[in-house]
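This report refers to the structure that appears directly beneath it.
Residue numbers (the numbering used here): 224 to 462.
Here it is as structure tokens:
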């Protein structure tokens, strides 16, 4: 069946809606927010997002603050390895983007384009950081999938998700990392899920951690493919 792509702006955030017609059926199936990585845009992972849409979901891909259609004019300077404030700039994108999420949900609800009981969220790299954080900003998400992200921020901050581990259960949380990743080390997500085990004792199947030992941050093609297969299956199982 044909996958429809529509550009829109919700609560001032540029978004790309993807779904398999009819739209009403996708809304009924469930809505998945998606956040991309550093320097990318909402169009970065269209092939993978089309797979989610082909599974019946309504996908809402969002340009992170300072990215895509609203890219900072001095983006390269802000995120240069030579900028001593680079980690702070990274954190500001997380903080500002996650705060938009409840407003985007309200905008979709006003248009009757979502069911509030069927909300999922996913993200890659920087988008993974945003995804962990958005869950705490908007507790109505019930299914979460993170690729190459971290629940622990690079700068100590009281809002860092790893400080709020008690707030995740009973969300269905899948985290996937790369064993040789030096950009976002896998240890943070791995240790987080080890700690989650105590909180998920009554429903251990609702949290899962997968690490691909041979991959770096830019994953091996076969690991990347499996990564998305796992993510799609996660939403099929729990959303």
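Backbone N, C-alpha and C define an ideal beta-carbon position, used for all residues, glycine too.
Start and end residues, alpha helix (DSSP H) containing residue i
i: residue 288; result: No alpha helix (DSSP H) contains residue 288, which DSSP labels as neither H nor E.
i: residue 272; result: 269-277
i: residue 444; result: 444-461
i: residue 407; result: Per DSSP, residue 407 belongs to no alpha helix (DSSP H) and is neither H nor E.
Any chain D beta carbon closer than 8 angstroms to residue i
i: residue 460; result: The structure shown has no chain D; it contains just one protein chain.
Sub-8 angstroms separation of residue i and residue j beta-carbons
i: residue 249; j: residue 242; result: yes
i: residue 282; j: residue 257; result: yes
i: residue 264; j: residue 286; result: yes
i: residue 347; j: residue 260; result: yes
i: residue 293; j: residue 237; result: yes
Bounding residues of the beta strand (DSSP E) (the contiguous stretch that carries residue i)
i: residue 434; result: 430-435
i: residue 399; result: 395-401
Minimum C-alpha distance to residue i - residue among the options
i: residue 400; options: 431, 424, 392 and 419; result: 431
i: residue 389; options: 405, 422 and 282; result: 422
i: residue 291; options: 305, 276 and 262; result: 262
i: residue 313; options: 450, 446 and 372; result: 372
i: residue 451; options: 437, 271, 305 and 238; result: 271
i: residue 362; options: 322, 460, 276 and 307; result: 322
Cβ-based burial, residue i [other Cβ within 10 Å; buried from 16]
i: residue 426; result: exposed
i: residue 244; result: exposed
i: residue 409; result: buried
i: residue 210; result: The question about residue 210 has no answer here: the residues shown for the chain are numbered 224 through 462.
i: residue 456; result: exposed
i: residue 332; result: exposed
- Is it a yes or a no for the stretch 376-391 touching the stretch 352-364, going by three-plus beta-carbon pairs under 8 angstroms? yes
- Message: Within 8 angstroms, do at least three Cβ pairs link the stretch 251-271 to the stretch 331-343?
- Response: yes
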